[in-house]
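Colleague: In my numbering, the protein residues as written are -3 to 254.
Each residue gets a CB set at the ideal place from its N, CA and C atoms; glycine is no exception.
Bear in mind that the values here come from a model prediction, so they are computed numbers and not experimental data.
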Ligand SMILES: Nc1ncnc2c1ncn2[C@@H]1O[C@H](COP(=O)(O)OP(=O)(O)OP(=O)(O)O)[C@@H](O)[C@H]1O
Ligand SMILES: [Mg+2]
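1) Are three or more beta carbon pairs between the segment 214 to 222 and the segment 31 to 48 nearer than 8 Å?
2) I need the straight-line Cα distance from residue 83 to residue 68, nearest angstrom please.
3) To which residues of the same chain is residue 163 closer than 6 Å at the C-beta, ignoring the five residues directly before and after it?
4) So residue 253 and residue 177 are in contact, right, with Cβ under 8 Å, and what is the actual spacing, rounded?
5) Is it true that the CB of residue 7 sits closer than 8 Å to the CB of residue 64?
6) Grouping DSSP H, G and I as helix and E and B as strand, with all else coil, what is residue 166?
7) Answer with buried or exposed for residue 48, where buried requires no fewer than 16 other C-beta atoms within 10 angstroms of its C-beta.
8) Give me the Cβ distance between residue 3 and residue 171, rounded to the nearest whole Å; I'm assuming they're in contact under 8 Å.
9) Note the first and the last residue of the continuous beta strand (DSSP E) segment covering residue 39.
10) Quick check: what's the CA-CA separation for residue 99 versus residue 173?
11) Evaluate residue 241 with the Cβ neighbour count: other Cβ atoms within 10 Å of its Cβ, from every protein chain shown; 16 or more gives buried, anything less gives exposed.
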């Protein structure tokens, strides 16, 4: 199977205080390597503080990496984009990555619908009519059609999170990165999020990497599960194997808590 995301010997660290240089800080990710098949949904799970969000930020090029590199497939025949310690993603490549993270980063001065149409019109040159059509399709998939003309500040936390998910698809990305996107959703909306992501991945062949503590969601949506522990991917397995036949003692203990 073609590769969607390939991470090779990725190292990431933070300066632990403003006076300490990052080079002396402990590594959060330690020569981490992993591969996600193109057109699949991969889940990263692991204890709090393991480095899951750091991994997503590093892949997205939102924080500098200390070593290694990340390569991502840009759909069929569109080539590969890659960044490493000495290279950053170009803005035009970064747009090929759809992101919805723990903190929503919606534009508060725009309406819900404008949050989805603005990037399409301004960055991708889509016509207003087409941008509206795609925005409305995404919003209605997450039952947000009645919120379309509201300001972002008028929404509940869960609604805002769903708008972020819808917006992450607005530029029809080749790569999707999600961090805890179902944390504020009721079970019906978890299903809607699942259906939207699954159908987008199936119809476009895009690759999704998702972080979650919601094992029900993971089990339902993931093709593969990658267990992050001690700065490396300790176990990767097809979803059914990961849950039903965990061979690793630390994974068994982690799963028992759910
Ligand atoms: N901005 C930062 N500055 C310094 N250290 C940080 C920063 N962000 C994260 N860390 C540290 O890096 C480690 C990994 O954090 P990260 O947020 O990636 O974990 P996580 O697996 O996403 O956890 P959670 O499940 O709680 O979201 C933790 O030890 C954390 O304290
Ligand atoms: Mg996190």
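Modeller: To lay it out plainly:
1) yes
2) Locating residue 83 in the chain shown gives position 87, counting from the first residue. Locating residue 68 in the chain shown gives position 72, counting from the first residue. Computed Cα separation, rounded: 14 Å.
3) Along the chain shown, one-based indexing puts residue 163 at 167. 111 and 112.
4) By one-based count along the chain shown, residue 253 stands at place 257. By one-based count along the chain shown, residue 177 stands at place 181. Not really, about 21 Å apart at Cβ, beyond 8 Å.
5) Taking the chain shown and counting its residues from 1, the one referred to as residue 64 is at position 68. Taking the chain shown and counting its residues from 1, the one referred to as residue 7 is at position 11. Yes.
6) As a first step, residue 166 must be located in the chain shown, where it is residue number 170. Of the three classes helix, strand and coil, the one that applies to residue 166 here is coil, per DSSP.
7) Taking the chain shown and counting its residues from 1, one reaches residue 48 at position 52. The residue is buried, with at least 16 neighbouring Cβ atoms inside 10 Å.
8) For the purposes of this step, residue 3 is taken as residue 7 along the chain shown, with counting starting at 1. For the purposes of this step, residue 171 is taken as residue 175 along the chain shown, with counting starting at 1. Contact flag wrong, Cβ pair sits at about 12 Å.
9) The count along the chain shown starts at 1 and reaches residue 39 at position 43. Unbroken beta strand (DSSP E) run through residue 39: 37 to 41.
10) On the chain shown, residue 99 is found 103 positions in, with the first residue counted as 1. On the chain shown, residue 173 is found 177 positions in, with the first residue counted as 1. Cα to Cα, residue 99 sits roughly 13 Å from residue 173.
11) In the chain shown, residue 241 corresponds to position 245, counting from 1. Exposed, by the Cβ-count rule.
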